[in-house]
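A short write-up of the structure that comes next.
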Ligand SMILES: N[C@@H](CCC(=O)N[C@@H](CS)C(=O)NCC(=O)O)C(=O)O
């Protein structure tokens with residue numbers, strides 16, 4: 700049996716690593732006042748793959764003639780830790796973009812997790828989510844697949860390949876294989892139909 704050295708455990712107090720998500724505590728780190736506009740939906744986000752899902756959804760709804768799907772959008776700069784400000788944390792205690800507030804309900808509704816936001820908007824406007832049991836389930840299967848699979852690609856492959864302070868072969872190999880497998884799944888599915896769902 701191979702004897703492994705005990706892995707070095709990062710201490711969040713380390714100056715070099717004490718950035719963004721590399722801290723073992725949740726909650727607000729500083730006082731913050733976020734802007735609130737006039738539109739029924741207020742979106743706090745960034746143009747990352749998780750962030751743009753919500754703006755794509757809003758634009759698709761508008762394209763379908765839903766005038767109430769009007770939104771204001773504000774940048775949350777995750778590189779500058781905006782996601783740990785007090786107002787943002789009140790909307791998403793998990794400090795990740797995207798986060799949305801619906802002011803058109805009887806009282807404001809906070810919505811976080813990109814999949815939850817897409818489902819909320821689909822149900823609210825009764826669009827892009829079929830009522831038929833089989834089609835609805837197939838849509839939800841792929842909705843949950845993408846929120847489940849995304850972290851292997853971004854937080855897994857992307858993180859260890861591009862952002863980790865040192866290149867480590869095992870996590871790079873593992874997440875590269877998983878990412879390629881997911882891309883192969885997409886290729887095979889899209890060979891049979893024009894959209895995933
Ligand atoms: N499961 C979440 C993931 C959201 C997420 O990871 N957001 C990233 C940007 S794409 C973020 O806010 N990162 C900031 C951080 O980790 O501190 C979702 O689907 O909404």
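Residue numbers (our numbering): 700 to 896. Note that CB positions come from ideal geometry on N, CA and C, so glycine has one too.
Asked	Found
Pick from 850, 762 and 733 that is closest to residue 776, judged by C-alpha positions	733
Own chain, CB closer than 7 Å to residue 750, minus 5 neighbours either side, in chain order	744, 796 and 797
Any alpha helix (DSSP H) of 4 or more consecutive residues that is wholly inside the region 834-874	none
Any non-hydrogen atom of ligand 1 within 8 Å of residue 854 CB	yes
Candidates 766, 778 and 729, of which the one nearest residue 862 by Cα	778
Segment limits, alpha helix (DSSP H) that includes residue 820	813-824
Through-space distance from residue 814 to residue 841, alpha-carbon basis	10 Å
Alpha helix (DSSP H) runs contained entirely in the region 780-812, provided each spans 4 or more residues	785-790
DSSP three-state assignment for residue 769, whether helix, strand or coil	coil
The region 786-793 in contact with the region 721-739 per 3-pair CB rule at 8 Å	yes
Any non-hydrogen atom of ligand 1 within 8 Å of residue 811 CB	yes
Any non-hydrogen atom of ligand 1 within 8 Å of residue 849 CB	yes
Residue 814 Cβ short of 8 Å to ligand 3 heavy atom set	Looking at this structure, you won't find ligand 3 anywhere; what it does contain is ligand 1.
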